[in-house]
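In UniProt numbering, the protein residues as written are 1 to 127.
Glycine included, each C-beta is placed from N, C-alpha and C at the ideal position.
Here's the structure, in structure tokens; my notes come after.
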């Protein structure tokens with residue numbers, strides 16, 4: 001297991017970052033809370049089903065990094081889901097910043113850098 005972790009440490013840290021995003025939403029409840037009268041689609045992104053989705057995607061990446069599964073299409077599925085999750089939340093944070101009429105927040109920039117490093121590893125990675 002340790003040799004797989006040494007080889008796949010990048011995907012281990014992406015799993016931890018995805019778990020961290022879920023923990024961020026748990027700690028800072030109502031991240032996307034807007035003023036009344038009408039709630040938006042962004043209001044549901046910090047609810048338990050989305051946090052569960054983050055945990056599932058993080059677990060897929062953690063399983064790959066610890067056991068280096070060679071099951072058919074496991075790595076493309078895992079990398080595709082990680083890319084989708086971080087792109088989705090980067091756009092959500094960007095829309096939230098736009099609607100709150102402020103500059104790019106730390107959350108948006110962090111999601112952009114995680115997404116960029118993930119895409120870079122997918123394209124340039126050695127596996």
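Alpha-carbon spacing of residue i relative to residue j, whole angstroms
i, j, result
"residue 116", "residue 50", "22 Å"
"residue 44", "residue 31", "10 Å"
"residue 29", "residue 46", "7 Å"
"residue 125", "residue 85", "20 Å"
"residue 8", "residue 1", "10 Å"
"residue 107", "residue 73", "31 Å"
"residue 62", "residue 15", "5 Å"
"residue 122", "residue 94", "24 Å"
"residue 96", "residue 110", "14 Å"
"residue 103", "residue 69", "41 Å"
"residue 99", "residue 17", "26 Å"
"residue 55", "residue 6", "22 Å"
"residue 112", "residue 92", "11 Å"
"residue 71", "residue 24", "32 Å"
"residue 10", "residue 118", "9 Å"
"residue 42", "residue 82", "19 Å"
"residue 12", "residue 105", "26 Å"
Presumed contact (8 Å Cβ cut-off) between residue i and residue j, rounded CB distance
i, j, result
"residue 19", "residue 80", "18 Å between Cβ atoms; not a contact."
"residue 53", "residue 64", "Actually they are not in contact, since the Cβ atoms of residue 53 and residue 64 sit about 17 Å apart, beyond 8 Å."
"residue 66", "residue 4", "6 Å"
"residue 120", "residue 21", "About 19 Å; that fails the 8 Å criterion."
Option in the options with minimal Cα separation from residue i
i, options, result
"residue 26", "48, 89, 93", "48"
"residue 87", "13, 105, 114, 76", "114"
- Message: Just to confirm the assignment: which complete alpha helix (DSSP H) runs, minimum length 4, are found wholly within the stretch 61-123?
- Response: 74-99
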